[in-house]
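Written out below as structure tokens is the structure these notes cover.
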Ligand code: DX5
Ligand code: ZN
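Numbering (the working numbering), first residue to last: 270 to 506.
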């Protein structure tokens, strides 16, 4: 019998189950901010399917990150889809500025203060895809009433606010639970994961139904981001 590698078996098994490759979204929070434009180009050249931007208000989370004018500046240098994750108390205040900046997805938190249906409508009114994120301590039941109104669901795998944290394994159950629910919906829905995503985490997350993998540290800290992106995409550790 041939000695097949674990990666080969993994890939072949996934193909037989017809699990498509996920989209890979490098999180620019992990970029070297003193060379931001070059970092963007490095990711686009490495094969990023989308770029992930973290917007923070210093209140919803104890940190500040990327602001709409930054995102607008990046729009001048690439046409790659922008996946904007807003960790803010009042998401409604950000929608117009992010629409002008060129966002393709805007993902806000269920734990924020504005009424979720209102935020979803405001995002859709600007022809942008709405996404809903929820923090590790929030149960999946809190987001299920909104799943048929959104394009992306994001069960956070770390406490929002900072890069470089470890992936919380309880997220795997949430992905599987969401996959079960969303396959019964009329409209397809992306399941994204964000926080501590590595090439070791990717195979199981993809198998359970994740369709977008956001990764900051794992991609940016590598000298060969194209290799990490390809491994994440194909689910090979
Ligand atoms: C955390 C952010 C993430 C972060 C992920 O609140 O939402 O996008 O950049 O970074 P890593 O991949 O380093 O955990
Ligand atoms: Zn994020």
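Built from N, CA and C at the ideal position, the CB exists for glycine as well.
Remember, it's a predicted structure, so these values are computed and weren't measured experimentally.
Kindly indicate the opening and closing residues of the alpha helix (DSSP H) around residue 343. Indexing the chain shown from 1 puts residue 343 at position 74. 337–344 is the extent of the alpha helix (DSSP H) around residue 343.
Which of helix, strand or coil does DSSP assign to residue 376? Position 107 of the chain shown, counting from 1, holds the residue named residue 376. In the structure shown, residue 376 falls within a strand segment according to DSSP collapsed to helix, strand and coil.
Just the C-alpha distance for residue 394 and residue 368, rounded to the nearest angstrom, thanks. Within the chain shown, residue 394 is the residue found at index 125, counting from 1. Within the chain shown, residue 368 is the residue found at index 99, counting from 1. When rounded, the separation of the alpha-carbon atoms in residue 394 and residue 368 is 10 Å.
Between the C-alpha atoms of residue 449 and residue 440, what's the straight-line distance to the nearest angstrom? Sequence index remark: in the chain shown, residue 449 carries index 180 (1-based). Sequence index remark: in the chain shown, residue 440 carries index 171 (1-based). Approximately 14 Å, taken between the alpha carbons.
Which whole-angstrom value describes the C-beta separation of residue 318 and residue 293, a residue pair presumed to lie in contact below a C-beta threshold of 8 Å? To locate residue 318, count along the chain shown from 1; it is residue 49. To locate residue 293, count along the chain shown from 1; it is residue 24. Sure, about 5 Å apart at Cβ, within 8 Å.
Residues that DSSP places opposite residue 403 in a beta bridge: Walking along the chain shown from the start, residue 403 turns up at place 134. 424, per the DSSP bridge assignment.
Pop quiz: residue 405 and residue 437 are said to be a contact at Cβ under 8 Å. What is the actual Cβ separation, rounded to whole angstroms? Residue 405 sits at position 136 when you count from the first residue of the chain shown. Residue 437 sits at position 168 when you count from the first residue of the chain shown. 5 Å between Cβ atoms; contact.
Leaving out five residues on either side along the sequence, give the residues of the same chain with a beta carbon under 7 Å from the beta carbon of residue 323. Counting from one through the chain shown, the residue named residue 323 turns up at place 54. Only 296, 298, 334, 335, 354, 356 meet the Cβ criterion.
Is it the case that the CB of residue 319 approaches a heavy atom of the ligand DX5 more closely than 7 Å? As a first step, residue 319 is located in the chain shown; it is residue number 50 there, counting from the start. Residue 319: no, Cβ never under 7 Å from the ligand DX5.
Distance cut 5 Å, beta-carbon to the ligand ZN heavy atom: residue list by chain order: Qualifying residues, in the order they occur: 323, 354, 463.
Please determine whether the Cβ atom of residue 438 lies at a distance below 7 Å from any heavy atom of the ligand DX5. Here residue 438 corresponds to residue number 169 of the chain shown, with the count starting at 1. Answer for residue 438: no, Cβ out of range of the ligand DX5.
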